[in-house]
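Residue numbers (my numbering): 101 to 277.
To keep things clear, I will list the structure first and then write my remarks on it.
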């Protein structure tokens, strides 16, 4: 594949992932899921709420979200020659990163680090910016990964990311209680 072809496929993949993201995050997701998918806060943990609370809602959201991104990628395939391995790779990266970002603890930590607590739009904009960055990585990997050995490696990486997030959430909850 020429570098021009790779660049074009990367750009089109990103556009499809972004369109699917917008629909999955803002149209498909229900209000109850949006409210329920985050990590319990310190007050809830002190009352005995499990640190795993919210994961079911988060995974339900990610399933619908990835469905919209898959549909967008399938639509793009009408005009662009995309490899199945690349498409699966992009969806795995998007699913893993989306689940972790939507648990919201990374966003809260960034707000603390940036000291932007008074920035009303801050949580939403930081969340969306992290998703866009992750989709860029997914689009690049969609072109780079061209076989199912690579897909397996990406799947392991995505599972490791979610596992690490679970571990961090658990440790954080233990420290707060």
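Where is the CB? At the ideal position from N, CA and C, for every residue including glycine.
Where the alpha helix (DSSP H) through residue i begins and ends
i: residue 110; result: 103-123
i: residue 161; result: 155-176
i: residue 209; result: 205-214
i: residue 231; result: 222-244
i: residue 144; result: 142-146
i: residue 136; result: 131-136
i: residue 202; result: 184-202
Through-space distance from residue j to residue i, alpha-carbon basis
i: residue 142; j: residue 152; result: 13 Å
i: residue 184; j: residue 173; result: 10 Å
i: residue 149; j: residue 139; result: 10 Å
i: residue 176; j: residue 210; result: 34 Å
i: residue 115; j: residue 233; result: 13 Å
i: residue 251; j: residue 160; result: 23 Å
i: residue 197; j: residue 144; result: 25 Å
i: residue 266; j: residue 111; result: 32 Å
i: residue 195; j: residue 258; result: 8 Å
i: residue 105; j: residue 271; result: 45 Å
i: residue 166; j: residue 238; result: 12 Å
i: residue 130; j: residue 214; result: 30 Å
i: residue 188; j: residue 117; result: 12 Å
i: residue 242; j: residue 218; result: 38 Å
i: residue 137; j: residue 222; result: 18 Å
i: residue 227; j: residue 171; result: 23 Å
i: residue 225; j: residue 126; result: 13 Å
i: residue 132; j: residue 164; result: 14 Å
i: residue 134; j: residue 235; result: 20 Å
i: residue 216; j: residue 119; result: 29 Å
i: residue 260; j: residue 178; result: 33 Å
Buried or exposed by the 16-neighbour rule on C-beta atoms within 10 Å, applied to residue i
i: residue 121; result: buried
i: residue 249; result: exposed
i: residue 102; result: exposed
i: residue 247; result: exposed
Test: residue i CB closer than 9 Å to a CB of chain D
i: residue 190; result: Structure shown: chain D not included; a single protein chain is present.
CB contact flag (residue i, residue j, <9 Å)
i: residue 182; j: residue 274; result: no
i: residue 193; j: residue 254; result: yes
i: residue 108; j: residue 162; result: no
i: residue 190; j: residue 169; result: yes
i: residue 230; j: residue 256; result: no
i: residue 186; j: residue 244; result: yes
i: residue 123; j: residue 205; result: no
i: residue 199; j: residue 262; result: yes
i: residue 158; j: residue 203; result: yes
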